[in-house]
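*Asks:* Residue numbers (full-length UniProt numbering): 1 to 133.
Ideal Cβ positions, reconstructed from N, Cα and C, are used throughout, including at glycine.
Please read these numbers as outputs of a predicted model, since none were measured by experiment.
Okay, here's the thing in structure tokens:
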């Protein structure tokens, strides 16, 4: 779920893999694609939309990409998938089947804090194990 930069709109991704945009506070669904295309989003966590078509590989099924998050600067997108891959893309990513940086994360039974550092030569990921209190 993401809010627009001016908090006038909310976008969600449904379980049926549809991106829906609503006006705030009325809750009216926005269907005019031209209006949707002009919205500036404060955050982006959706795996759906023209802005992220490039995150899907040729043979990906709908459930393969589980999560996405755009950096605070709005220029990078990180995704996580069913295969333990964390991938870094430019944002927006409107071209299909783009090349990307990636690393493999082994599946873990606990939720950890993951920090991805990006720089001109590549990227580095640091995992901070969750604390068992």
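Going by DSSP, which residues form a beta bridge with residue 22?
*Replies:* According to DSSP, residue 22 bridges with 10, 29.
*Asks:* Between residue 7 and the rest of its own chain, which residues show a CB-CB distance below 7 Å, the 5 nearest in sequence each way excluded?
*Replies:* 24, listed in sequence order.
*Asks:* Can you tell me which residues form a DSSP beta bridge with residue 1?
*Replies:* None; residue 1 has no bridge partner.
*Asks:* Would residue 89 and residue 74 qualify as a contact pair, given that the criterion is a beta-carbon distance under 8 Å?
*Replies:* For residue 89 and residue 74, no; Cβs fall outside 8 Å.
*Asks:* Identify whether residue 34 lies in helix, strand or coil by the three-state DSSP scheme.
*Replies:* Three-state result, residue 34: helix.
*Asks:* Find the nearest neighbour of residue 67 within the set 5, 3, 31, 13, judged by alpha-carbon distance.
*Replies:* Comparing Cα-Cα distances from residue 67 to each of 5, 3, 31, 13, the minimum goes to 13.
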